[in-house]
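Read through the structure below, which is laid out as structure tokens, and then see the notes.
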Amino acid sequence: ESMPWSRWISSSNTQIPWLAYEFPSFRKINAYYLLPEYGSITKNRAPKSWNLEGWNGNSWVSLDYRNDIETDIQWSHKGLVFYLDNPGYYKKYRITFYEVNGSSVVSIRQFKLLE
Numbered sequence: 189e190s191m192p193w194s195r196w197i198s199s200s201n202t203q204i205p206w207l208a209y210e211f212p213s214f215r216k217i218n219a220y221y222l223l224p225e226y227g228s229i230t231k232n233r234a235p236k237s238w239n240l241e242g243w244n245g246n247s248w249v250s251l252d253y254r255n256d257i258e259t260d261i262q263w264s265h266k267g268l269v270f271y272l273d274n275p276g277y278y279k280k281y282r283i284t285f286y287e288v289n290g291s292s293v294v295s296i297r298q299f300k301l302l303e
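Counting along the sequence shown from 1, when you hit position 74 you're at 262 in the numbering used here, and nothing is skipped either side.
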């Protein structure tokens, strides 16, 4: 059975692509879920390194940095959950992608912030 999906794809001319979300009030996010677009043709669009940040009102605070997440080793069709060691209360969250597994764009099927 196929499921309807939405997706986010960065522009190939974007220097550093990112996704951000602003809640109506402060939320404590303890983990997040990433599901890249993962098919035989698109798996090279899966992110390889990124940083999740929270906005403290003055600057972005790094909450979780990941590096060298390899396409064929760690990503799956189910996505991955990443837990934060030091979660805090933030109204805005942003994930910035620094490297992709071979493509000039990053493509995400689902990005969830988990309380």
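Every residue, glycine too, gets a C-beta built ideally from N, C-alpha and C.
Residue i versus residue j: straight-line alpha-carbon distance, rounded
{"i": "Tyr-221", "j": "Val-269", "result": "4 Å"}
{"i": "Glu-189", "j": "Asn-274", "result": "Residue placement at Glu-189 cannot be trusted, given a pLDDT of 42 that sits under 50; what the coordinates show is reported in the next sentence. The alpha-carbon atoms of Glu-189 and Asn-274 are separated by roughly 39 Å."}
{"i": "Asp-252", "j": "Pro-235", "result": "14 Å"}
{"i": "Arg-254", "j": "Tyr-209", "result": "19 Å"}
{"i": "Ile-204", "j": "Tyr-281", "result": "16 Å"}
{"i": "Asn-246", "j": "Gly-276", "result": "15 Å"}
{"i": "Arg-233", "j": "Ser-292", "result": "8 Å"}
{"i": "Glu-287", "j": "Asp-256", "result": "8 Å"}
Near the ligand NAD: residue i beta-carbon under 7 Å from a heavy atom
{"i": "Ser-228", "result": "Questions concerning the ligand NAD fall outside what the structure shown contains, since it holds no ligand whatsoever."}
Check whether residue i and residue j have beta carbons under 8 Å apart
{"i": "Tyr-278", "j": "Asn-218", "result": "no"}
{"i": "Ile-296", "j": "Trp-238", "result": "no"}
{"i": "Ser-250", "j": "Glu-241", "result": "yes"}
{"i": "Leu-223", "j": "Gly-267", "result": "yes"}
{"i": "Val-294", "j": "Ser-228", "result": "no"}
Buried versus exposed call for residue i [16 or more other C-beta atoms within 10 Å across all chains shown]
{"i": "Arg-195", "result": "exposed"}
{"i": "Asn-289", "result": "buried"}
{"i": "Phe-211", "result": "exposed"}
{"i": "Phe-214", "result": "exposed"}
Helix, strand or coil at residue i [DSSP, three-state]
{"i": "Lys-155", "result": "A question about residue 155 goes unanswered here, because the residues of the chain that appear run from 189 up to 303."}
{"i": "Asn-218", "result": "coil"}
{"i": "Asn-239", "result": "strand"}
{"i": "Arg-254", "result": "strand"}
{"i": "Arg-297", "result": "strand"}
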